[in-house]
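Below is one structure, written out as structure tokens, with a few remarks after it.
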Amino acid sequence: MPFLSREEFVNICTEAILETRRKITICNQKSGYIKYHREIKENNYFTKNVREPLTSTQEDEYMYRHDLIEYVSLGNCHELADYLLVEIGKEIARRGAVAKIRILSSLKCDHVYLEILVQLKGENNPSTWEVDAWDPRIIDISTRPDGSIKNYESLTYGYSADPHNSVYTDQINYNRRYRFFNEIPKPLPGRPPAGSATPEREILEKHSKLYDDYTLQESMEAGKFDSSGAVHYLQQISGWQH
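Under numbering that gives the first Met the number 0, the final residue of the sequence shown carries the number 241; numbering is consecutive throughout.
Structure, rendered in structure tokens:
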């Protein structure tokens, strides 16, 4: 079985994050909420049309969730994690490598993201990674020989988490696709009439479950992500890993 290099793995995660952000609008971040204001607030679109089909799936229905999320093009952190899992998994599988991916829920914050365990080329042991598209980041969180966690100080959502799903990338049939046609209506972008909605500058104060935008640019400036796929400090190999 071929192994990915660290550079190849980081590049795969980078491209998957970029693809996820291109295709899925984030409902509970400011710009997405504004773009789909009528659907999210007035029509309660996600609860009426998407939540039940997603939550009623079996754990192994990864492609169904991925394709449904792509079809409606909306989601919060859990939906982005579902989508990102397949985007990363299919590229790892295409190259003949294998990784274990878990969807985790932070115990520190209300947030869901991916943890990936993968054996990389030329490294002593499998490394563990925190990967996310909602708050874009790729961080090596492997356990050091002394038991401490690498890059622990950069884990905004803490290290402790509850698992939702766990799958090896070679266990998913990526060729199985789903088409929804008119079974579920597609959401329509639409802002409220001028003067009838909360001013943009006050939106975050009024809506406690809404977040400011976590942009790719901000993640790049923080060193958590690079759209070029380059390996930076939080993704670099440590001496004890090879």
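Where is the CB? At the ideal position from N, CA and C, for every residue including glycine.
**OP:** Tell me, to the nearest whole angstrom, how far the beta carbon of residue 165 is from that of residue 94; I am working on the premise that it is less than 8 Å.
**Re:** Contact flag wrong, Cβ pair sits at about 21 Å.
**OP:** Please determine, among 132, 60, 120, the residue with the shortest C-alpha to C-alpha distance to residue 175.
**Re:** 60
Subject >> Collapsed DSSP secondary structure at residue 112 in the structure displayed >> reply: strand
**OP:** Return the chain-ordered list of same chain residues with a C-beta closer than 8 Å to the C-beta of residue 150, the five sequence neighbours on each side being excluded.
**Re:** 138, 139, 140, 233
Original post:
Rounded to whole angstroms, how far is the Cβ of residue 235 from the Cβ of residue 126, which I believe are closer than 8 Å?
Top reply: Not a contact, Cβ separation roughly 11 Å.
Original post:
Can you check whether the CB of residue 3 is closer than 9 Å to the CB of residue 11?
Top reply: yes
**OP:** Figure out for me which residue from 46, 136, 177 has the closest Cα to the Cα of residue 64.
**Re:** 177
Original post:
residue 108: buried (16+ other C-beta within 10 angstroms of its C-beta) or exposed?
Top reply: exposed
Original post:
Quick one: is residue 54 buried, meaning 16 or more other Cβ sit within 10 Å of its Cβ, or exposed?
Top reply: By the 10 Å Cβ count, residue 54 comes out exposed.
Original post:
If you check the beta carbons only, do residue 37 and residue 215 fall under 9 Å apart?
Top reply: no
Original post:
Sorted by chain position, which residues of the same chain lie with C-beta nearer than 7 Å to residue 68's C-beta, five sequence neighbours on each side aside?
Top reply: 23, 74, 78, 81, 82
Original post:
For residue 1, does the count of other Cβ atoms within 10 angstroms reach 16, so buried, or fall short, so exposed?
Top reply: Only exposed fits residue 1, as fewer than 16 other CB atoms lie within 10 angstroms of its CB.
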